[in-house]
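4 protein chains.
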Amino acid sequence: MIKVAVVGGAGYIGGELIRLLIAHPQVKLTQIISQSQEGKALSEVHPDLLHSKDQIFEKDLDPTRADAIFLAQPHGAAQKLLESLELSDDSLIIDLSHDHRWQQGWTYGLPEFFKEPILQSKRIANPGCFATAIQLGLLPLAKTNSLTNRAYITAVTGSTGAGQSPTATSHFSWRHNNLSIYKSYSHQHESEILSSIHQVQETKWNQISFVPMRGCFTRGILASIQITNPKADKNQIIEGFLEAYDTSPFVAITETSPHIKQVSNTNNVAISVDCFEQDIHIVVAIDNLLKGAAGTAIQNFNIINHLPEDLGLQLKPTVY
Amino acid sequence: MIKVAVVGGAGYIGGELIRLLIAHPQVKLTQIISQSQEGKALSEVHPDLLHSKDQIFEKDLDPTRADAIFLAQPHGAAQKLLESLELSDDSLIIDLSHDHRWQQGWTYGLPEFFKEPILQSKRIANPGCFATAIQLGLLPLAKTNSLTNRAYITAVTGSTGAGQSPTATSHFSWRHNNLSIYKSYSHQHESEILSSIHQVQETKWNQISFVPMRGCFTRGILASIQITNPKADKNQIIEGFLEAYDTSPFVAITETSPHIKQVSNTNNVAISVDCFEQDIHIVVAIDNLLKGAAGTAIQNFNIINHLPEDLGLQLKPTVY
Amino acid sequence: MIKVAVVGGAGYIGGELIRLLIAHPQVKLTQIISQSQEGKALSEVHPDLLHSKDQIFEKDLDPTRADAIFLAQPHGAAQKLLESLELSDDSLIIDLSHDHRWQQGWTYGLPEFFKEPILQSKRIANPGCFATAIQLGLLPLAKTNSLTNRAYITAVTGSTGAGQSPTATSHFSWRHNNLSIYKSYSHQHESEILSSIHQVQETKWNQISFVPMRGCFTRGILASIQITNPKADKNQIIEGFLEAYDTSPFVAITETSPHIKQVSNTNNVAISVDCFEQDIHIVVAIDNLLKGAAGTAIQNFNIINHLPEDLGLQLKPTVY
Amino acid sequence: MIKVAVVGGAGYIGGELIRLLIAHPQVKLTQIISQSQEGKALSEVHPDLLHSKDQIFEKDLDPTRADAIFLAQPHGAAQKLLESLELSDDSLIIDLSHDHRWQQGWTYGLPEFFKEPILQSKRIANPGCFATAIQLGLLPLAKTNSLTNRAYITAVTGSTGAGQSPTATSHFSWRHNNLSIYKSYSHQHESEILSSIHQVQETKWNQISFVPMRGCFTRGILASIQITNPKADKNQIIEGFLEAYDTSPFVAITETSPHIKQVSNTNNVAISVDCFEQDIHIVVAIDNLLKGAAGTAIQNFNIINHLPEDLGLQLKPTVY
């Protein structure tokens, strides 16, 4: 059994990591760290874990008790923690914050496109949720050097994407029965996406026009990507997607455009690709907390530990 | 035109008061008071009031500029404010907090049952939202001295009932797709309801078993009241309800049990009364922000000013 | 008083027309027609109209009893009805279906841009809901001949846009907590929009890439329009929008991007315009049943009858 | 591996059975029967099963290819099917409709209270969803002969409880942001509950006053049970609940009243028991499709096959 610690175990993503890890057949969850919930039992903090009463939240991480450490803290906290600890180079660290994405010494953890470097690494920067959905739609085009024109992207996220702290825009009275736009053309995931594309496509391209929306649902991201390219060869493009995900246990290319309930509470990805007279239209659906965060983190963990990529990730979908 | 001030104009109930008052044909809204929003324009604080850009929130109430003052502050604040001001006895004060309900010097403002005292009063304590729904179901029985056995009450409220401050239980991620119970058998509206019943029914009765629930909708209260009384005469009971609301412009007795969309965004009340073999079952639907707060406050204002009771309250229902 | 009939009064849009017309100070609603609901009382079919018990649904329209007729039937039915009736040229007909949009003998009823022809007409084809939102975002650009590049449009509609018949995609279990795409690049409103633009802009332009989405809310449309135009002069563009809506009682240009709750249950329109380095980004929010259907129909009715444009349309917003 | 067939695999409950069975380590799903979906692939009918493309829906059940048959058809169909087939007495049949509940020759499949007869049986009538939630709250009292007074019950169900056929009350536009009551005092599960109680409690009792509600959520039932019993000994009552569920892998007695997200997408049950001055108040939360249908069916299957009771039922909760 691999000994695992979760730092930041009280948040949404930390909670999902715990739910996955306590059911993972090759894992022993040895520490759950949360400054705010120290001393509380797991089922007090996550009341759906009704039958998990014994495990207690601790305040400080003890790296000697873990082979692998998942960091699920707010942005900015991971770096501080790592500076304060002496970590063996052998310890696997998977950071789910944006602190180390495309930073030196860290490997970007999108396994569908960077499995080889992930296999060699002990420091994984897990991708952002919007960034995951959008990259899974763009990188198959980048692989065949096909990104030439501007991509117009609208992606809508569930409320869990904004974290657990209650705010004006996560207030039920405001968000329910509503739809809104935020950080138009200025979302921090844009540069994360472009860094990946620069790794995969030979020719330079950075034409993203990204409009993020807040949806009145809890889980999931639906990303719609429009690129005008009248010369695109439809068959070749779809072929490119099929090839890109040929060996992926999670990604499916669907004939009709996907919706969020197809992937909710799973690590799956549904992608549709349509070529119209002028445009290519790509739609991607993921669960933001799983494929967009905790699920991919476990997937990276499995790969690095030479376990089946989907071990502990064959989840019953919620659907309805 | 009657000059009106709203204190606490930034909250949900304050906002509803403003929406009603700016469209009221006999009102001039002279002051909107909010400590937190001082200096802001109305449409900044309530962005649905797109075309109301000039009115500015003020910090301090000036009683000389208003004939009537609506207090829509958090519980506890009204009393402090009144102690700090010199108010003419002629000024009409309608307090929507629970500070003055059934307190000396104040008239309880449920117009369907206390119109006479309201007409004589300049100090109105507006009823609570749950209390309104439940009283409208119980008081017709009290009027005919018919409350003898225990009333088992379940009432479910929309999220706006809990106010605008974001909290764990008003977080969209938690409240959406959920249902929960709070303050079972200990909700503060129980004693408010009983005080009314003691006014209306001659024989003493205080057997309320009240379970409040938080629903995953924004507006509305549905109250279900079960009372075992095998000797009840069905026709007489329904007769009592029809008589109680004979002259009410807002209450309708419906043949099928009401739902929330029947009354949403209106000052209306839908009530069904059914007599089963052992039990009487009464269901009441109201909009918690209107009939349960701001709407009844305007209704009281109209009555006291000898205006038609429904002036400014004939609202287009939202329904869907 | 102007005598008015509503044909198709049992549907969502028909219901909204009735709610507006029974409160309209210059209207007497003389007939409500529905084949399926013949003989039923208004409050049976629309149970929110609790206090409107006397008006009865009729089966056949009697044109002699109405000065104005609103047609709110499914697409295809209006034409049949008109063929079967002898209508005086003086009768005002406002057809809310898509049967007569941009058809000969009919005037396209988007009053913000075609008020002069509407004033002269007795046959009004009321715009579609998506078409309304998108045109309100594009036509100010068309007016100054500024549409040169492709417009990438994502618009999300509430469930009432799809009508009252229960279907798989309007089933609560499916639609709740979900988001989906339909009729990508093939929505029937595209040609309606282009016909308008061809009227307003001198130079030919027809580059629309439109992705419609189904949102998990009931009312409202949020349309996001992205157009790459690096040479656009920001001030001039915003000036164009302000000028286009200078005299409109309903449209507001907002500084932050609008959301649906700003306009819910009103005839208002909120529009934001932002110019980024390469792109113009326009966001439009409307209520699909009001500004996108029944509200604009009443607005047209007011204009043609020389009444104030917003008579009967100053509605209390629902907001929450 | 045990060969299993699902009849009625296209509905909500059938879908849940399939999701559970394809991940069950001791099951081979050999047939999926649906008259309406014959010839379609599993992922066409249940598009969340993205990676299950090969299994095809069949029209007719072949009992020789299955050791166990789950019947998830509409009420009334199971009986017909069984009359038309020759089934070996050795075949295990688990009927999830209400056709055989408390019928001769069939065992009522609520394993928390009837495990012994279930173990001996090959014909299981799986309990109804409301009946499951309410019995789990009442039967611990019945076991100690403590049901003497009337039980006032309000239980709210998610939309999946009403099945997949779209209807007026499952229409998103109507159900969203709404709450309604149906079949007050006349729900068919009342007699099912009473039959169980008559098995468990020695003294006769049939005083149920049950108000079912339709909630605006998709999954889950919250049942609130109020019983006046001033003589009840609090400690003894809680002791009775703890004892009743002592060996249950799924039921937890919680200190605060449960909510639906605690059990969503799991086979778990959360129950709170509070004794007030006059009343006992019991609250039960379950997932209607799992513990209220498919989950309990698998639990019965496990018991009868001498497998661990929770095999294939340790599901990742959805929570948010």
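Sequence lines, in order, name chains A, B, C and D.
In terms of the numbering used here, the first sequence is residues 8 to 327.
In terms of the numbering used here, the second sequence is residues 8 to 327.
In terms of the numbering used here, the third sequence is residues 8 to 327.
In terms of the numbering used here, the fourth sequence is residues 8 to 327.
By construction, the Cβ of each residue, glycine as well, lies at the ideal position given by its N, Cα and C atoms.
No experiment lies behind these values; they were computed from the predicted model shown.
Suppose the cutoff is 6 Å on Cβ atoms and the five residues either side in sequence are ignored; what does the same chain contact list for residue i look like?
i: residue 291(D); result: 140, 143, 144, 230, 278
i: residue 237(B); result: 285
i: residue 47(C); result: 64
i: residue 257(B); result: 274, 275, 276
i: residue 113(C); result: 107, 130, 132
State yes or no: is the beta carbon of residue i nearer than 8 Å to at least one beta carbon in chain B?
i: residue 53(D); result: no
i: residue 252(D); result: no
i: residue 211(D); result: no
Return no unless some Cβ of chain D is closer than 8 Å to the Cβ of residue i.
i: residue 178(C); result: yes
i: residue 141(B); result: no
i: residue 283(B); result: yes
i: residue 286(B); result: yes
Interface residues of chain C around residue i at Cβ under 7 Å?
i: residue 159(A); result: 159, 233
i: residue 229(A); result: 186
When DSSP labels each residue in this structure, what does residue i get in the three-state scheme?
i: residue 280(D); result: strand
i: residue 194(D); result: coil
i: residue 324(C); result: coil
i: residue 99(C); result: strand
i: residue 252(A); result: coil
i: residue 216(C); result: strand
i: residue 207(A); result: helix
i: residue 246(A); result: helix
i: residue 66(B); result: coil
i: residue 290(D); result: strand
i: residue 229(D); result: strand
i: residue 137(B); result: helix
i: residue 72(B); result: helix
Interface residues of chain D around residue i at Cβ under 8 Å?
i: residue 175(C); result: 173
i: residue 150(A); result: Per Cβ cutoff of 8 Å: no residues; residue 150(A) is ~22 Å from chain D at best.
Interface residues of chain C around residue i at Cβ under 9 Å?
i: residue 33(B); result: By Cβ distance, chain C contributes nothing, its closest Cβ being about 16 Å from residue 33(B), past 9 Å.
Counting only beta-carbon atoms, is residue i nearer than 8 Å to chain C?
i: residue 185(A); result: yes
i: residue 273(D); result: no
i: residue 224(A); result: yes
i: residue 325(B); result: yes
i: residue 115(A); result: no
Closer than 7 Å by beta-carbon distance: list the chain A residues that pair up with residue i, in chain order.
i: residue 182(B); result: 179
i: residue 58(D); result: 259
Listing by chain order, which chain B residues have their CB less than 7 Å from the CB of residue i?
i: residue 41(A); result: Residues of chain B passing the Cβ test: none, with the nearest at roughly 15 Å.
i: residue 191(D); result: 264, 281, 288
Shorter than 8 Å from the beta carbon of residue i to some beta carbon of chain A?
i: residue 28(D); result: no
i: residue 276(C); result: no
Just the chain B side, please: which residues come within less than 8 Å of residue i by C-beta, in chain order?
i: residue 19(D); result: Chain B residues near residue 19(D): none, gap ~16 Å exceeds 8 Å.
Chain C partners of residue i, CB-CB under 8 Å?
i: residue 167(D); result: 180
Could you work out which residues of chain D lie near residue i, taking near to mean beta carbons separated by less than 7 Å?
i: residue 291(A); result: What residue 291(A) touches in chain D: nothing, since even the nearest Cβ is about 13 Å away.
Can you list, in chain order, the residues of its chain with a C-beta nearer than 8 Å to that of residue i? Leave out the 5 residues immediately preceding and following it.
i: residue 95(B); result: 70
i: residue 32(A); result: 318, 319
Does the beta-carbon distance from residue i to residue j come in below 8 Å?
i: residue 146(A); j: residue 251(A); result: yes
i: residue 102(A); j: residue 138(A); result: no
i: residue 185(B); j: residue 268(D); result: yes
i: residue 24(A); j: residue 85(A); result: no
i: residue 154(A); j: residue 188(A); result: no
For residue i, which residues of its own chain have a beta-carbon under 7 Å away from its beta-carbon, when the five flanking residues on both sides are left out?
i: residue 225(A); result: 165, 166, 167
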